[in-house]
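The numbering of the sequence shown is the numbering used here, which starts it at 184 and goes up by one.
Heads up, the beta-carbon is just placed ideally off N, CA and C, and yes, glycines get one too.
None of these values were measured; they are calculated from a predicted model.
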Amino acid sequence: MRRIIDPIRKLIPFILFSALSAILMFKWPGFLFFAWIGACVSIGIYAADRYKGRAKQTGRRIAIILMAPVFLVFLGIMQRENLQLEETVFYLAYFITGGIFTRVLIHYAIAKVGGPLVFGRGFCGWACWTAALLEWLPIRENKPIPEKYQYMRYPVLIISLAVPFIMIQAGYDYISQHVYDTPGQVISHHKYHQLLFFLVGNALYYAAALPLAFIFRKKRAFCKIACPVSLVMKIPARYSLIKKTPTGERCTECGACNRNCPMDVDVMGYVRSGRRVESTECILCNACVHVCPANALR
Ligand code: SF4
Ligand code: SF4
Ligand code: SF4
């Protein structure tokens, strides 16, 4: 029976995201990309089966790198849709002042606000295009980030929200910059502004993320120190339905889960006290599950 259920279980992401594609495709055929996102996750889960222990993370790394072109090339460059937080403020202002609920806002609603109520910060673990590159860096260490550096995310978030807000107040013509193209329409002038913002914004993220990873000897140092999006996602992620859960098997207190957690979560503390991993830093990467010799987590 398990031989039948297991492959089907791995296909669940593909099935669910394909259903989402089917619902949204009537609005815009490009929403087929959701099916590809689900396929990438399912491919990653299948690929992980080929490895053992810590190497199982390769499956997720394959998934995240296969997904990155959707956001960077298809949406960012071809469709000129900047999914970054700063741009989302403009789109939100456009919507509030009578515009429509654009694809960028649909992304934010699903991946960063509504989705985390179900799958926590799974976007960070499986889909973020910034992390897609970080995950493949040749850094073997996973040093914990001192807590004092983690507060830097707050001023970065304030700056990220303040810059578009100040630009709007200063009279920046955000409405004509964010009008939604009708399908088939030639890409209009305002879309080139989107492309410029997209390229500069992502270049800044990578320019900060790559040196931080090498300086702190941790691939995801940027996520812990500087990413403003993490703070937005942490709020709904607190109530996430899906969390890592102790299986009831006895924890041997080997500490492997804590050493391998890319987000410095005290996994062992949760398992020892029999609680689910409540930390909003958890990105559902499964590294703790893969390295646990006692099968104390699922
Ligand atoms: S914390 Fe930021 S950079 Fe890191 S994975 Fe999440 S969204 Fe991406
Ligand atoms: S607690 Fe486990 S699943 Fe969550 S981020 Fe850490 S290693 Fe990944
Ligand atoms: S890896 Fe497993 S056995 Fe080791 S400390 Fe973590 S939960 Fe306990």
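Quiz item: alpha helix (DSSP H) containing ARG481: first to last residue?
Solution: Numbered from 1 along the sequence shown, position 298 holds the residue referred to as residue 481. It is not in any alpha helix (DSSP H) - ARG481 carries neither H nor E in the DSSP assignment.
Quiz item: Under a Cβ-count criterion, where at least 16 other Cβ atoms within 10 Å of its own Cβ denotes burial, should TYR357 be classed as buried or exposed?
Solution: Translated into the one-based positions of the sequence shown, residue 357 becomes position 174. So TYR357 ends up on the buried side.
Self-check item: beta-carbon VAL412 near ligand 1 non-hydrogen atom, thresh 7 Å
Solution: Start at 1 with the first residue of the sequence shown, and residue 412 comes out as number 229. VAL412 has its CB nearer than 7 Å to a heavy atom of ligand 1.
Self-check item: CYS475 CB to nearest heavy atom of ligand 3 below 7 Å
Solution: For this step, residue 475 is matched to residue 292 along the sequence shown. CYS475 Cβ: within cutoff of ligand 3.
Quiz item: Can LYS326 and PHE278 be called in contact, C-beta distance under 8 Å?
Solution: In the sequence shown, residue 326 corresponds to position 143, counting from 1. In the sequence shown, residue 278 corresponds to position 95, counting from 1. In this structure, LYS326 keeps its C-beta atom at 8 Å or more from the C-beta atom of PHE278.
Self-check item: Straight-line gap, THR463 to ARG421 (C-alpha atoms, nearest Å)
Solution: Mapped onto the sequence shown, residue 463 falls at position 280. Mapped onto the sequence shown, residue 421 falls at position 238. Distance between the alpha carbons of THR463 and ARG421: 6 Å.
Practice problem: Let me know the secondary structure DSSP gives PRO212 once reduced to three states. | Solution: Counting from 1 along the sequence shown, the entry for residue 212 is found at position 29. In this structure, PRO212 counts as helix in the three-state DSSP scheme.
Quiz prompt | Residue(s) in a DSSP beta bridge with PRO429 | solution = Taking the first residue of the sequence shown as 1, we reach residue 429 at position 246. According to DSSP, PRO429 bridges with LEU480.
Quiz prompt | VAL412 to THR435 span [Cα, whole Å] | solution = The residue labelled residue 412 in the question sits at position 229 within the sequence shown. The residue labelled residue 435 in the question sits at position 252 within the sequence shown. So the two alpha carbons sit approximately 35 Å from each other.
Quiz item: Relative to the alpha-carbon of GLN333, which residue among ALA231, PRO445, CYS223 and LYS407 has its alpha-carbon at the smallest distance?
Solution: Locating residue 333 in the sequence shown gives position 150, counting from the first residue. In this structure, LYS407 is the residue among ALA231, PRO445, CYS223 and LYS407 with its C-alpha nearest to the C-alpha of GLN333.
Practice problem: Under 8 Å by Cβ, that's how I've got ALA470 and CYS444 pegged, so tell me the actual separation to the nearest angstrom. | Solution: Residue 470 sits at position 287 when you count from the first residue of the sequence shown. Residue 444 sits at position 261 when you count from the first residue of the sequence shown. Their Cβ separation, rounded to whole angstroms, is 6 Å, which keeps ALA470 and CYS444 in contact under 8 Å.
Quiz item: Taking 7 Å as the line, does the beta carbon of GLY236 fall inside it for any heavy atom of ligand 3?
Solution: Position 53 of the sequence shown, counted from the first residue, corresponds to residue 236. No, the beta carbon of GLY236 sits no closer than 7 Å to any heavy atom of ligand 3.
Exercise. Compute the distance between the beta-carbons of VAL474 and LYS427, then report whether it is under 8 Å.
Key: Stepping through the sequence shown from its first residue, residue 474 is reached at position 291. Stepping through the sequence shown from its first residue, residue 427 is reached at position 244. Contact flag unset, no.
Exercise. Anything with a beta carbon under 7 Å from a heavy atom of ligand 2 counts; list them all in chain order.
Key: Having a Cβ closer than 7 Å to some heavy atom of ligand 2 are GLY308, LYS427, CYS440, ASN443, CYS444, PRO445, MET446, VAL448, VAL450, VAL460, SER462, GLU464, CYS465, ILE466, LEU467, CYS468, ASN469, ALA470, CYS471 and VAL472.
Quiz item: Would you say LEU467 and THR430 are within 8 Å of each other, going by their C-beta atoms?
Solution: As a working mapping, residue 467 is identified with position 284 in the sequence shown. As a working mapping, residue 430 is identified with position 247 in the sequence shown. No; because the gap between Cβ atoms is not below 8 Å, this pair is not in contact.
Exercise. Could you spell out where the alpha helix (DSSP H) holding GLN240 opens and where it closes?
Key: Within the sequence shown, the letter at position 57 stands for residue 240. Counted as a single uninterrupted DSSP element, the alpha helix (DSSP H) harbouring GLN240 occupies residues 240-252.
Self-check item: Under the three-state DSSP convention, the category ARG237 falls into
Solution: What you label residue 237 is simply residue 54 of the sequence shown in a count that begins at 1. Looking at ARG237 - three-state DSSP - the assignment turns out to be helix.
Quiz item: Would the segment 247-264 and the segment 297-315 be scored as touching if the rule is three or more Cβ pairs under 8 Å?
Solution: The segment 247-264 is in contact with the segment 297-315.
Quiz item: With DSSP run on the structure shown, which of helix, strand or coil describes CYS471?
Solution: Taking the first residue of the sequence shown as position 1, residue 471 is located at position 288. Three-state DSSP puts CYS471 in a helix.
Quiz item: Just to confirm, are SER343 and GLU270 a CB contact at a threshold of 8 Å?
Solution: For the purposes of this step, residue 343 is taken as residue 160 along the sequence shown, with counting starting at 1. For the purposes of this step, residue 270 is taken as residue 87 along the sequence shown, with counting starting at 1. 8 Å or more divides the Cβ of SER343 from the Cβ of GLU270.
Exercise. Let me know the alpha helix (DSSP H) ranges lying completely inside the segment 302-350, each 4 residues or longer, listed in chain order.
Key: List check, alpha helix (DSSP H) in window: 305-309, 312-317 and 330-333.
Self-check item: Beta-carbon separation (whole angstroms), THR313 vs ALA390, contact threshold 8 Å
Solution: The count along the sequence shown starts at 1 and reaches residue 313 at position 130. The count along the sequence shown starts at 1 and reaches residue 390 at position 207. That pair is no contact at about 11 Å.
Self-check item: Beta-carbon proximity list for GLN377, same chain, < 6 Å, skipping 5 on both sides
Solution: Reading the sequence shown from its first residue, position 194 is the one you call residue 377. Excluding sequence neighbours, GLN377 sits near ARG263 and ASN265.
Quiz item: If you compare alpha carbons, which of ALA205, VAL415, CYS410 and LYS235 is closest to ARG336?
Solution: In the sequence shown, the residue the question calls residue 336 occupies position 153. Checked all of ALA205, VAL415, CYS410 and LYS235; the closest Cα to ARG336 is CYS410.
Quiz item: With burial defined as no fewer than 16 other Cβ atoms inside 10 Å of the residue's Cβ, what is the status of GLN352: buried or exposed?
Solution: Indexing the sequence shown from 1 puts residue 352 at position 169. Looking at its Cβ environment, which holds fewer than 16 other Cβ atoms inside 10 Å, GLN352 is exposed.
Practice problem: Kindly indicate the opening and closing residues of the alpha helix (DSSP H) around ILE408. | Solution: On the sequence shown, residue 408 is found 225 positions in, with the first residue counted as 1. For ILE408, the enclosing alpha helix (DSSP H) stretches over residues 404-408.
Self-check item: Whole-angstrom distance between PHE217 and HIS290, CA atom to CA atom
Solution: The sequence position of residue 290 within the sequence shown is 107, counting from 1. The sequence position of residue 217 within the sequence shown is 34, counting from 1. Their backbone Cα atoms lie some 10 Å apart in a straight line.
Quiz item: Roughly how many angstroms separate the alpha carbons of GLY297 and ARG442, rounded to a whole number?
Solution: The count along the sequence shown starts at 1 and reaches residue 297 at position 114. The count along the sequence shown starts at 1 and reaches residue 442 at position 259. Looking at the backbone, the Cα of GLY297 and that of ARG442 are separated by about 30 Å.
Quiz item: Quick one, are the C-beta atoms of THR241 and ALA251 less than 8 Å apart?
Solution: Here residue 241 is taken as the residue at index 58 of the sequence shown, counted from 1. Here residue 251 is taken as the residue at index 68 of the sequence shown, counted from 1. Contact flag unset, no.
Quiz item: Which ranges would you report for the alpha helix (DSSP H) in the segment 414-468 if only whole runs of at least 4 residues count?
Solution: You should have 439-443 and 450-455.
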